[in-house]
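Residue numbers (the working numbering): 437 to 867. Even for Gly, the Cβ is constructed at its ideal location relative to N, Cα and C.
Okay, structure coming up:
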């Protein structure tokens with residue numbers, strides 16, 4: 437048993453040493469096969485550099501596998517050596533007793549057979565125990581992971597049965613692991629049910645952190661977030677996620693059909709007519725009309741030779757269609773129009789504002805095209821909420837929001853200072 441404990445401990449060490457190497461290898465395989473990375477790899481001449489990295493990782497993997505193999509050989513030699521010695525000792529005692537005429541030939545034969553059977557059975561039991569221990573190592577880390585944030589049935593409550601949700605941030609701060617400063621500091625803000633909030637600010641202002649806290653992708657370092665007066669940590673995550681239809685800047689496209697990418701369901705469970713309606717509302721109908729297979733067209737060429745690739749703007753429109761299909765009571769748009777020009781962004785926001793109607797919505801954008809459609813605007817700077825109010829109120833205040841608006845408005849004027857009415861008239865004045 438001592439030997440088995442030693443083997444388990446050694447295998448634990450091997451497992452811990454191999455895990456980082458496996459992660460590196462998986463990342464390198466992903467990078468080398470990633471279509472989005474191909475442009476950088478070719479244009480910056482990264483091929484040999486990446487292949488060198490891959491070679492180093494494979495060499496490291498080989499060295500650690502050799503260590504594991506040698507460890508197994510040494511342990512096996514020790515185990516079999518102990519087995520041979522113990523068996524020899526038993527046989528020696530039996531032979532000594534038999535030669536001393538204290539045991540008959542029948543008893544000697546019986547005991548030798550029993551000894552052999554017992555040794556074989558004990559070996560099998562210990563091997564099985566060792567196998568169980570070895571297999572348990574593979575799920576120990578996973579168990580630890582899910583135990584970190586497991587929703588306890590006895591402590592969780594159901595989401596209120598309503599389509600009107602009010603969110604309150606009370607003294608909320610968040611600090612990323614390993615960072616000294618706060619990404620979000622002492623935030624107090626309320627999102628009323630059925631209202632639309634625009635969150636604006638420069639890069640690093642804390643906008644995306646705010647959204648991830650709202651969606652409960654992160655939990656606050658300090659403070660509390662309330663849903664209809666209840667701490668959101670009391671709800672099951674899966675149930676809480678159901679009330680949101682998020683659209684992120686970085687859109688993940690899966691190598692399945694367009695319909696499945698929008699519904700996130702099996703083909704037979706997908707309402708294709710609803711998919712088409714959502715595609716039209718999201719402004720992707722022109723693209724759909726060019727596809728021979730319509731919504732059954734496969735996306736990406738990873739699994740299908742006839743798969744298609746979408747442009748950045750088309751990807752974001754597909755994400756909007758997915759949010760519309762889910763039809764959750766709260767819409768979150770985290771810079772989903774970054775790949776669109778200013779005029780297309782304005783028109784899309786205008787259309788989307790009409791589509792979502794009375795639903796609760798949160799808009800995030802560097803450009804201010806969305807703010808005119810919102811009931812309230814929150815201006816973030818360096819992790820703090822510095823201004824809040826309507827578009828007109830913040831312009832009249834003449835603070836950071838007004839300055840940001842005026843700077844952006846300059847892009848819609850020609851060289852003589854006159855307004856370009858084609859863009860300014862739609863995308864700036866109406867903002």
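task = Reducing DSSP to helix, strand and coil, say where residue 528 ends up.
result = For this step, residue 528 is matched to residue 92 along the chain shown. If DSSP states are grouped into helix, strand and coil, residue 528 belongs with the helices.
Start-to-end residues for the alpha helix (DSSP H) that takes in residue 844 = Here residue 844 refers to the residue found at position 408 when the chain shown is read from its first residue. Start and end: 836-845.
Beta-carbon spacing of residue 767, residue 671 below 8 angstroms = Numbered from 1 along the chain shown, position 331 holds the residue referred to as residue 767. Numbered from 1 along the chain shown, position 235 holds the residue referred to as residue 671. Not closer than 8 angstroms, so no.
message = Check for me: the beta strand (DSSP E) holding residue 817 runs from which residue to which?
response = Walking along the chain shown from the start, residue 817 turns up at place 381. Counting along the chain, the beta strand (DSSP E) containing residue 817 begins and ends at 812-817.
key: Simplified DSSP state of residue 633, which is helix, strand or coil   = Locating residue 633 in the chain shown gives position 197, counting from the first residue. Strand, per DSSP.
ask   = Would you report the Cα separation of residue 652 and residue 791, rounded to the nearest angstrom?
value = What you label residue 652 is simply residue 216 of the chain shown in a count that begins at 1. What you label residue 791 is simply residue 355 of the chain shown in a count that begins at 1. Approximately 25 angstroms between the Cα atoms of the pair.
query = Taking the C-alpha atoms as reference points, what is the distance between residue 685 and residue 599?
reply = For the purposes of this step, residue 685 is identified with residue 249 of the chain shown, where counting begins at 1. For the purposes of this step, residue 599 is identified with residue 163 of the chain shown, where counting begins at 1. Their backbone Cα atoms lie some 26 angstroms apart in a straight line.
query = So, using beta-carbon positions, are residue 800 and residue 735 closer together than 8 angstroms?
reply = The count along the chain shown starts at 1 and reaches residue 800 at position 364. The count along the chain shown starts at 1 and reaches residue 735 at position 299. Contact flag unset, no.
query = Since residue 662 contacts residue 601 with CB under 8 angstroms, what's their CB separation in whole angstroms?
reply = Here residue 662 corresponds to residue number 226 of the chain shown, with the count starting at 1. Here residue 601 corresponds to residue number 165 of the chain shown, with the count starting at 1. Going by Cβ atoms, the distance from residue 662 to residue 601 rounds to 10 angstroms, so no, they are not a contact pair.
inquiry  = Can you tell me whether residue 748 is buried or exposed? The criterion is at least 16 other CB atoms within 10 Å of its CB, across all chains shown.
reply    = On the chain shown, position 312 is the one that residue 748 refers to. The residue is exposed, with fewer than 16 neighbouring Cβ atoms inside 10 Å.
request  = Can you tell me which of 843, 804 and 844 puts its alpha carbon nearest to the alpha carbon of residue 827?
outcome  = Working through the chain shown from its first residue, we reach residue 827 at position 391. Per the Cα distances, 804.
Span of the beta strand (DSSP E), counted from its first residue to its last, around residue 475 = For the purposes of this step, residue 475 is identified with residue 39 of the chain shown, where counting begins at 1. Unbroken run through residue 475 is the alpha helix (DSSP H), 471-479; no beta strand (DSSP E).
ask   = Taking the Cβ atom as the reference point for each residue, do residue 610 and residue 654 lie within a distance shorter than 8 angstroms?
value = For the purposes of this step, residue 610 is identified with residue 174 of the chain shown, where counting begins at 1. For the purposes of this step, residue 654 is identified with residue 218 of the chain shown, where counting begins at 1. Yes, these two residues count as a Cβ contact at 8 angstroms.
message = I'd like to check one pair, residue 769 with residue 697: are the Cβ atoms closer than 8 angstroms?
response = For the purposes of this step, residue 697 is taken as residue 261 along the chain shown, with counting starting at 1. For the purposes of this step, residue 769 is taken as residue 333 along the chain shown, with counting starting at 1. No. Outside cutoff.
inquiry  = So, at 7 angstroms on beta carbons, what are the nonlocal neighbours of residue 732 in its own chain, with the 5 sequence-adjacent residues on each side left out?
reply    = The residue given as residue 732 occupies position 296 in the chain shown. Same-chain partners within the cutoff: 693 and 695.
Close-in-space but distant-in-sequence residues of the same chain around residue 473 (CB under 7 angstroms, 5 per side omitted) = In the chain shown, counting from the first residue as 1, residue 473 sits at position 37. Taken in chain order, the residues that qualify are 467.
message = Mapping the DSSP letters down to three states, classify residue 864 as helix, strand or coil.
response = Here the question's residue 864 lines up with position 428 in the chain shown. Reliability of the predicted coordinates at residue 864 is poor, the pLDDT of 42 falling under 50, and no value is obtained from them.
task = Determine the DSSP secondary structure at residue 685, reduced to helix, strand or coil.
result = On the chain shown, position 249 is the one that residue 685 refers to. Note: residue 685 maps to coil in three-state DSSP.
task = Return the CA-CA distance between residue 525 and residue 491, expressed in angstroms with no decimal places.
result = For the purposes of this step, residue 525 is taken as residue 89 along the chain shown, with counting starting at 1. For the purposes of this step, residue 491 is taken as residue 55 along the chain shown, with counting starting at 1. About 51 angstroms.
inquiry  = Taking 7 angstroms as the limit between beta carbons, can you name the residues of its chain near residue 437, skipping five residues before and five after?
reply    = If you number the chain shown from 1, residue 437 lands on position 1. Residue placement at residue 437 is flagged as unreliable, the pLDDT there being 49, under the threshold of 50; the coordinate-derived value follows with that caveat. No residues qualify anywhere along the chain.
ask   = What residues are listed by DSSP as bridge partners for residue 710?
value = As a working note, residue 710 is residue 274 in the chain shown. Its beta-bridge partners do not exist; DSSP assigns none.
request  = Kindly give me the distance between the Cβ atoms of residue 620 and residue 683, rounded to whole angstroms, as I take these residues to be in contact under 8 angstroms.
outcome  = In the chain shown, residue 620 corresponds to position 184, counting from 1. In the chain shown, residue 683 corresponds to position 247, counting from 1. Contact doesn't hold; Cβ gap of about 21 angstroms is too wide.
message = Given a cut-off of 8 angstroms on the beta-carbon distance, is the pair residue 627 and residue 807 in contact?
response = As a working mapping, residue 627 is identified with position 191 in the chain shown. As a working mapping, residue 807 is identified with position 371 in the chain shown. Not in contact: residue 627 and residue 807 (Cβ atoms no closer than 8 angstroms).
ask   = Which class does residue 620 belong to by DSSP, given the choice of helix, strand or coil?
value = The count along the chain shown starts at 1 and reaches residue 620 at position 184. Here residue 620 sits in strand by DSSP.
message = I'd like the ranges of any alpha helix (DSSP H) spanning at least 4 consecutive residues and lying wholly in the stretch 789-813.
response = none
request  = Return helix, strand or coil for residue 627, following the three-state DSSP convention.
outcome  = Taking the first residue of the chain shown as 1, we reach residue 627 at position 191. Strand at residue 627.
ask   = From what residue to what residue does the alpha helix (DSSP H) around residue 674 run?
value = Numbered from 1 along the chain shown, position 238 holds the residue referred to as residue 674. That run of the alpha helix (DSSP H) goes 673-677.
task = State yes or no: is the C-beta of residue 532 within less than 8 angstroms of the C-beta of residue 544?
result = Here residue 532 is taken as the residue at index 96 of the chain shown, counted from 1. Here residue 544 is taken as the residue at index 108 of the chain shown, counted from 1. Not a contact, by the Cβ cut-off of 8 angstroms.
query = Rounded C-beta distance between residue 723 and residue 750? I'm assuming under 8 angstroms.
reply = One-based indexing of the chain shown puts residue 723 at position 287. One-based indexing of the chain shown puts residue 750 at position 314. Yes, they are in contact, since the Cβ atoms of residue 723 and residue 750 sit about 6 angstroms apart, within 8 angstroms.
request  = Rank 820, 811 and 836 by C-alpha distance to the C-alpha of residue 642 and give the top, closest one.
outcome  = As a working note, residue 642 is residue 206 in the chain shown. For residue 642, the nearest C-alpha among the options comes from 820.
query = Do you know how far the Cα of residue 771 is from the Cα of residue 479?
reply = For the purposes of this step, residue 479 is taken as residue 43 along the chain shown, with counting starting at 1. For the purposes of this step, residue 771 is taken as residue 335 along the chain shown, with counting starting at 1. For residue 479 and residue 771, the distance between alpha carbons rounds to 28 angstroms.
request  = Using the DSSP secondary-structure output, state which residues sit across from residue 715 in a beta bridge.
outcome  = On the chain shown, position 279 is the one that residue 715 refers to. Per DSSP, none; premise fails for residue 715.
Pair within 8 angstroms by beta-carbon distance, residue 625 and residue 679 = Position 189 of the chain shown holds residue 625. Position 243 of the chain shown holds residue 679. The answer is no: Cβ separation not under 8 angstroms.
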